[in-house]
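Just so it is clear: in the sequence shown, position 96 is 131 by our numbering, and no numbers are missing.
Notes to accompany the following structure.
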Amino acid sequence: MAILEQSNAIGASIAGRQRPSHSTDQSTNLLTFVDFPASWYFFSLAKEVDKGPVSRHMLGQDLVAYRTDSGRIVVMASRCAHLGADLSKGKVVGDCIQCPFHGWRYAPDGHCTHIPLGHGIPPGARQETYPAVERHGFLFIFNGSNPLFPLPFFFDEEVDQFTPSAPVEFIGGSTWYMVAAHGFDTQHFETVHSRKLHAPLSVDCPDPYARRSRYTADVLGDAYYDRLLRRFVGPTVDISITTWGGTLVMVTGRFKRAMSQFIIAIQPIENGQSLCHVLPFARISSNRLSRIFLQPIDLWIRRLFTGAYLIAEVNCLGNPRYNATNLVEADKELIEYFQWAAALPGPTYSVSAKVRSDQRMVRGS
Ligand code: FES
Ligand SMILES: [Fe+2]
């Protein structure tokens, strides 16, 4: 029960700092989960923002990303605090974005700094802003005014020593906490992934917002990628899966002759589904010719294998749902994960709920 106690302690620690608007019904052991955890999310390719402001409807918000003249990417609510026009249809002026309707300008901190025909700037003229990080050509944002933890990467690895392939994108038929639950679902490693575990999962929390599972397994299975893995990189694998904030999953598979490393970025969307971006990585080769000629092929193969492995799973599962009533002893790590995930907080914002609500109400009117 040490793991369960650790899980509960961490959950209490998170909840003590920032209590989310959810509850646990201890009598039925039903847990509830926030819709959009305070965590990091994949927004877009960074190069998309180079062509002009980019809009996304995500996390229950309309958002815009733009690159300032000084080169930084800023992400903020896209519905103008004045009358709700779409800032993504506006233009960048210096470090500000200018609304296409009455020309109000918003600085990177979200404050309105200029009203062309106005007489003073009202105190509510402010957009919510989102911490944004550009890394490996991808743009990530944090859901909340201040990040609860830095944008993570693989443990003990240097960000600048890795290069990514193009993302693999798919829609998972489950909520964020069900997608992230895979890392702790002992039963399915054997039944879905044909992995024969040598021992029970080892689970820990290396950070209050991170939960990790590790195991060693034989690669069984008849899928072409399993047969190729056994033949070319080795018949056993050491796996490490770390879920950060419930929405960013770092996966490392260490075979005898190769390493597989990828990130799954989970974004809750409508109907209890999740938009997933899978980002496979390779260590940058130290040989220049290899970097130019072999690395692109290596990344292509990694993308092919990783995508095939995950999409095969999505296609065979349908849309699983959380159900506390029929969990069994073999779901022990899953139960403890659900308790941890249910304690993850929702976001806190700088801009008042009233202004945010007004901006949301404009949508569709
Ligand atoms: S709606 Fe944006 S300035 Fe009026
Ligand atoms: Fe899985």
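C-beta atoms are modelled at their ideal positions from N, C-alpha and C, and glycine is treated no differently.
The structure presented is a predicted model; accordingly, all values stated were derived computationally and were not measured.
Using only alpha-carbon positions, find the residue among the options that is nearest to residue i.
| i | options | result |
| --- | --- | --- |
| A252 | E364, Y259, A234 | A234 |
| S456 | Q196, T282, C147 | Outside the modelled stretch of the chain, which goes from 36 to 400, sits residue 456, for which no answer is possible. |
| A300 | C147, V203, G179, N181 | V203 |
| S113 | I132, V254, R318 | I132 |
| F175 | N181, P166, L183 | P166 |
| A216 | S79, W279, C351, P382 | W279 |
| A73 | V284, D366, N178, F328 | N178 |
| T164 | S392, K389, S385, L310 | S385 |
| G145 | G153, S180, H154 | S180 |
| R337 | F188, Y260, K124 | Y260 |
| V227 | H149, V89, D257 | D257 |
| H171 | L314, V214, N306 | L314 |
| V284 | Q162, L329, Q96, Y76 | Y76 |
| P380 | F78, Y212, G353 | Y212 |
| D70 | C115, N306, Y344 | N306 |
| D191 | A116, P270, H149, Q296 | Q296 |
| T198 | L264, S123, I298 | I298 |
| K82 | S275, A100, Q196 | A100 |
| D195 | W375, L339, R318 | R318 |
| H223 | Q302, A365, L324 | A365 |
| S237 | R230, A245, Y250 | Y250 |
Go ahead and pull the three-state DSSP assignment for residue i.
| i | result |
| --- | --- |
| R292 | coil |
| P331 | helix |
| L255 | coil |
| F316 | strand |
| E364 | helix |
| L298 | Note that residue 298 corresponds to Ile in the displayed sequence, not to Leu. In the structure shown, I298 sits in a strand (DSSP, three-state: E or B). |
| S325 | helix |
| L122 | helix |
| T383 | coil |
| Y250 | strand |
| A22 | Since the first residue of the chain shown is 36 and the last is 400, residue 22 is not available in this structure. |
| L152 | coil |
| T287 | strand |
| K389 | helix |
| L310 | strand |
| I49 | Low confidence applies to I49: its pLDDT is 49, below 50, so where it sits in the model is not reliable enough to give any reading. |
What residue range does the beta strand (DSSP E) around residue i cover?
| i | result |
| --- | --- |
| F173 | 173-177 |
| Q133 | 131-133 |
| I276 | 271-279 |
| S237 | 237-242 |
| K126 | 126-128 |
| H149 | 147-149 |
| R161 | R161 -> no beta strand (DSSP E), and no H or E assigned at all. |
| A142 | Careful: A142 lies outside any beta strand (DSSP E) and carries neither H nor E. |
| R170 | 167-170 |
From what residue to what residue does the alpha helix (DSSP H) around residue i run?
| i | result |
| --- | --- |
| W375 | 367-377 |
| R265 | 259-267 |
Considering only residues of the segment 54-119, which uninterrupted beta strand (DSSP E) runs meet the minimum length of 3 residues and lie entirely inside it, listed in chain order? Runs of the beta strand (DSSP E) lying entirely within the segment 54-119 and spanning at least 3 residues, in chain order: 75-80, 89-93, 96-102, 108-112.
Ligand 2 site residues, beta-carbon cut 7 Å against heavy atoms: H217, D220, H223, V227, H228, E348
Give, in chain order, every unbroken run of the beta strand (DSSP E) that is at least 3 residues long and sits entirely within the segment 176-232. Fully enclosed beta strand (DSSP E) runs of 3 or longer: 197-199, 203-207, 230-232.
Give me every residue whose Cβ sits closer than 7 Å to any heavy atom of ligand 1, in chain order. C115, H117, L118, G119, A120, C134, F136, H137, G138, W139
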